[in-house]
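Residues 167 to 334, numbered by this note's numbering, are exactly what the sequence shown covers, in order. For glycine and all other residues, C-beta sits at the position ideal for the given N, C-alpha and C. Okay, structure first, notes after.
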Amino acid sequence: MIGGNDMRLSQKIEEGLNLQMHHEFDAAYTYLGLAAALDATVFTGFGHWMRKQYEEELTHAMKFYHFINERHGKVCLQNLIKPDFTTTTPLQAFEKAYQTELDNTQNIHRLYALSVEEKDYATQEFLHYFIKEQVEEESSVQMIVDQLKFVGDRPAALFSLDQRAGQR
Ligand code: MG
167 MIGGNDMRLS QKIEEGLNLQ MHHEFDAAYT YLGLAAALDA TVFTGFGHWM RKQYEEELTH
227 AMKFYHFINE RHGKVCLQNL IKPDFTTTTP LQAFEKAYQT ELDNTQNIHR LYALSVEEKD
287 YATQEFLHYF IKEQVEEESS VQMIVDQLKF VGDRPAALFS LDQRAGQR
């Protein structure tokens, strides 16, 4: 596609959208792995938070799925990476979550840069939601990491954070 005269995807953008859909599914699976690790401990509030995030990442992946179809591209599914977080503290879990979000922001920005290069205006508009979303995701996860660092291993404070996370 040159200059945005029709709505068909260029091959590069089709690949980029499929790759990002895959990253979103991978992020979902990472969050489910973190949920499983936390739900096996006393910190089921944090486990609940991670399961909510799992669901949110699935909705992100499906937004890409539908957008690719809408643009008459071909959805290509890939293998998921097996999460392995059997021994984890809430702090370790949220630090992993934060890293996942940082990586995802980079991936979204890379795809946006490609859509600018390819003059794909519809993809740029589609990605605005995700660019905004990543600002919120990074900020909310960073806040929980900071709070967990602040309370350390004081049980009462830790349980209060766990309860709040469980209300998400
Ligand atoms: Mg996401």
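_residue 286 classed as buried or exposed, judged by whether at least 16 other C-beta atoms fall within 10 angstroms_ = buried
*Looking at C-alpha atoms only, which residue of 208, 192, 219, 187 is the closest neighbour of residue 302?*
219
*asked:* Mapping the DSSP letters down to three states, classify residue 327 as helix, strand or coil.
replied: helix
_7 angstroms Cβ shell around residue 239 - same chain, five flanking residues per side excluded_ = 175, 180, 183
*How big is the Cα-Cα spacing for residue 334 and residue 213?*
Rounded to whole angstroms, residue 334 to residue 213 spans 11 angstroms at the Cα level.
_Measuring only the C-alpha atoms, how far is residue 207 from residue 233?_
Going from the Cα of residue 207 to the Cα of residue 233 covers about 38 angstroms.
_Tell me the rounded alpha-carbon separation between residue 280 and residue 247._
25 angstroms
*Hey, could you find the ends of the alpha helix (DSSP H) residue 232 is sitting in?*
From DSSP, the alpha helix (DSSP H) with residue 232 extends over 210–236.
*Exposure of residue 321, with buried meaning 16 or more beta-carbon neighbours within 10 Å*: exposed
_Extent of the continuous alpha helix (DSSP H) to which residue 245 belongs_ = Element bounds for residue 245: n/a, residue is neither H nor E.
*How many Å lie between residue 198 and residue 284 at the Cα?*
35 angstroms
*Any heavy atom of ligand 1 within a distance shorter than 7 angstroms of the CB on residue 188?*
no
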